[in-house]
Structures are given as structure tokens and as C-alpha cells.
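Each protein sequence line maps, in turn, to chains A and B. Sequential numbering of the first sequence, starting at 7, is according to our numbering. Sequential numbering of the second sequence, starting at 160, is according to our numbering. We put the CB at the ideal spot given by N, CA and C, even for glycine. Scroll down for the structure; my scribbles are underneath it.
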Amino acid sequence: MADMIKINVITDKKYTEPRVDIYTNGDTDLASQIVEAVEKVAKVKYPPIQVLDEGKLILISQRDIFRIRTEGRSLILDTNDKSYTVKGTIAGYEEELDSERFFRSSQSEIINLYKVAFFDFSITGTVGVEFENGTRSWVSRRNIKQLKSRLKGESDIQKNQREEV
Amino acid sequence: MNYRNRIIKLTLIGFVIGIIIGLIITISIVSARTGDGRLHICDPSFNPSNTGDILSFIRQIVFPGILGAVCFGASIIYDIESWGLLKATLVHFIISMAVYVIVGFYLGWLAIDRPLSNAIQIGGTALGFFIMWLAIGFGLKKDVEDMNKDLQDFKKGEKTGEEE
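Next comes the structure, spelled out in C-alpha cells:
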């Protein structure tokens with residue numbers, strides 16, 4: 007039957023966590039659906055993001071994402087090594103991504119706060135963001151208050167947790 | 160609230176504030192200038208088309224209202240994310256001053272034969288914008304310093320693996 011998917015289950019004690027490898031002839035739609043099904047079963051809270059890279063479907067962990075930004079009509083996902091064009095909308099990714107890790111810094115960008123090296127302020131009145139890999143972005147003035155609260159709130163929680171230990 | 164609704168709201172608020180401030184200034188300056196111990200709500204010299212006092216009065220409150228509407232409505236410029244604070248303040252200043260000069264000459268606040276008074280009014284407005292720019296700028300600078308301090312503690316709490 008043409009639509010059958012062959013499934014091999016390998017039992018080996020060395021696999022402390024289940025692992026799924028998908029072999030496909032390039033049918034990325036089917037591969038994508040299988041990934042979604044597996045994520046659903048595994049109840050992955052913040053699943054990796056699926057991107058197409060030169061026709062191949064790859065999964066990018068949210069931890070590795072520096073930012074997602076609009077560029078013209080396209081949506082670009084930046085990692086340390088590479089940038090990928092992804093489908094969807096900024097608003098859609100804002101819901102999908104880990105809300106503790108990511109912050110909507112402007113209408114056109116979501117940044118990974120754990121990848122931020124520092125913020126700076128220029129004489130023109132722009133609040134800049136420099137990431138750990140040296141790339142730069144900026145934060146909209148409207149979102150500064152919210153960003154401050156986010157950083158302050160989380161840092162207070164971390165401090166309290168350390169003091170308790 | 161979208162931009163269109165925000166501009167409408169700001170413009171209406173500005174119009175009302177402009178009327179109130181225009182009224183206060185007109186009454187106080189004209190009454191002081193006349194010096195007869197009475198409150199005057201309309202500049203007697205302002206009667207450009209020889210119309211009655213009521214129309215003059217309406218002009219003297221509507222035009223400051225228009226000025227207020229433009230100044231407040233134009234403050235939507237600060238919401239343009241890609242514009243730095245300096246650019247936004249400069250553009251806001253230019254728009255506000257342009258309307259102020261037009262209204263000012265029409266209402267007699269400014270006059271060709273009163274260069275010192277003109278300089279004080281325009282210079283005073285420019286100074287006001289400069290102070291506003293400085294204040295907002297210092298506020299943002301302080302915010303950035305606070306954020307950098309908190310960022311280090313924030314990053315120490317990065318989850319390891321539980322989200323995947």
C-alpha cells in the first residue's frame with residue numbers, strides 16, 4: 007500500500023529517552039505531520055521549530071533561536087550560524103514560542119532574552135540590543151516598560167531561589 | 160487601540176486643551192494689556208474682517224484649539240518604532256512650530272514688529288521640546304542600565320532541557 011509508513015521499534019537500554027528518526031524521500035509535508043504527531047504524544051511543551059533548509063526539513067530547538075523578525079514580506083528565523091525563512095506570522099510565533107524565553111521587542115521582531123548580551127542606548131534615542139553572536143537589533147520604546155518588568159520579575163525570582171538554597 | 164483611533168483621541172484631547180489654554184492666555188494677557196481692572200475675553204485689536212466680537216472670540220478659542228489638536232495629534236510620531244527619539248522629537252517640534260507660527264501671526268501672538276517677543280515665544284517652545292527630549296532620554300538611559308543589571312540574573316535562570 008503506497009500510503010503505509012514503516013515503523014521500526016528498537017529496544018535498547020542505551021536510549022534513556024525515546025528517539026525518533028524519520029527517513030523520507032523528500033516528502034516534507036508528511037515528515038512535518040509525523041513530527042507534529044510525535045510532539046503531541048510526547049506532550050512537548052515548547053516544541054522545536056520546523057524550517058525548510060534547501061528543501062530539507064530541519065528542527066531548530068527554541069534554545070538555539072536568537073530572534074524571529076520580519077524582512078519585507080518574509081519571516082526570518084536567526085540562529086547563531088544561519089538564518090532561515092519560515093512560514094507563518096509574528097503573532098503566531100509569539101503564541102508558539104516559550105513566553106518566558108522570548109519577548110516581543112517590536113512590531114516586527116521577537117527576541118530570545120537568553121541570547122542577549124546587553125542593551126545599550128544611543129544619542130538618537132534608540133534602545134539597542136546586542137546578541138551573544140554580535141548581531142544587533144533594537145527594542146521599541148513602547149515595549150521598554152514591559153521588558154523591564156519581565157527582566158526584573160524573573161531576576162527577583164532567581165535571586166529568591168538562590169537565597170533559599 | 161489602533162493608530163487611527165489613537166490619532167483621533169489625541170487630536171480631540173489636544174483640541175480641548177488648546178481651547179482651555181488659549182482662553183486662559185487670551186484672558187490674562189488681554190486683560191493685563193488693557194489694564195482697566197476688568198477681565199477681557201477678546202483682544203479688542205483683533206478684528207481682522209471687522210466682524211463682531213463673538214466671531215473674534217470664537218476665532219480666538221478655535222485656533223488655539225486647532226494648534227492643540229495638531230500638537231497632540233502629531234505626538235503619534237513617538238509611536239513610530241523605527242524612529243529614534245531625537246528624530247521623533249525634531250519632527251514633532253517642526254510640525255508644532257509651523258502651526259504655532261501660522262496661528263500665532265493670525266491671532267496676534269506673534270508680530271513682525273515684535274522680534275523680541277517672537278524670539279521669546281519660539282525660543283521658549285524650542286526649550287520646552289529640548290527639555291522634554293532630555294528628560295525622556297535620561298529616563299530611557301536609566302531604564303537600560305537597570306535592564307542590563309537584571310539581565311544577568313535573568314539569564315542565570317535559563318531552563319535546561321525541560322522544554323524539549
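Which whole-angstrom value is the C-beta distance of residue i and residue j, which I expect to be below 8 Å?
i: B:A228; j: B:I239; result: B:A228 to B:I239, Cβ: 19 Å. No contact.
i: A:I116; j: A:F108; result: 5 Å
i: A:V57; j: A:L81; result: That belief does not hold up - the Cβ atoms of A:V57 and A:L81 are roughly 10 Å apart, past 8 Å.
i: B:Q219; j: B:L266; result: 6 Å
i: A:F72; j: A:T17; result: So it is not a contact: roughly 38 Å between Cβ atoms.
i: A:K158; j: B:D309; result: 5 Å
State the DSSP-derived secondary structure class of residue i, mapped to helix, strand or coil.
i: A:A123; result: strand
i: B:N277; result: helix
i: A:Q113; result: coil
i: A:V26; result: coil
i: A:K93; result: coil
i: A:W144; result: strand
i: A:K62; result: strand
i: A:V15; result: coil
i: B:E240; result: coil
i: A:L83; result: strand
i: A:N118; result: strand
i: A:T76; result: strand
i: B:E317; result: coil
Rounding to the nearest angstrom, what Cα-Cα distance links residue i and residue j in this structure?
i: A:E45; j: A:Q68; result: 14 Å
i: B:T284; j: B:G263; result: 13 Å
i: B:I166; j: B:L198; result: 35 Å
i: A:I11; j: A:I74; result: 34 Å
i: A:E101; j: A:R110; result: 11 Å
i: A:Y29; j: A:T91; result: 23 Å
i: B:L275; j: B:V260; result: 15 Å
i: A:E136; j: B:N164; result: 34 Å
i: A:D103; j: A:E138; result: Note on identity: in this sequence residue 103 of chain A is Leu, with Asp being the wrong assignment. Rounded to whole angstroms, A:L103 to A:E138 spans 20 Å at the Cα level.
Nearest CA to the CA of residue i: which residue from the options?
i: B:G224; options: B:I176, B:F264, B:I254 and B:I236; result: B:I176
i: B:F313; options: A:S128, A:A43, A:A123 and A:I150; result: A:A123
i: B:L249; options: B:V189, B:I179 and B:L286; result: B:L286
i: B:I295; options: A:N139, A:T34, A:R75 and A:R147; result: A:R147
i: A:G131; options: A:E42, A:Y21 and A:W144; result: A:W144
i: A:F127; options: B:I290, B:M291, B:N307 and B:D212; result: B:N307
i: A:V26; options: A:E42, A:G32 and A:D33; result: A:E42
i: A:D33; options: A:I64, A:S89 and A:D70; result: A:I64
i: B:K301; options: A:P24, A:Q39, A:F137 and A:V133; result: A:V133
i: B:G181; options: B:A191, B:F216 and B:G196; result: B:F216
Would you call the segment 162-176 of chain B in contact with the segment 144-151 of chain A, where contact means no fewer than 3 C-beta pairs closer than 8 Å?
The segment 162-176 of chain B makes no contact with the segment 144-151 of chain A; the number of CB pairs closer than 8 Å stays below 3.
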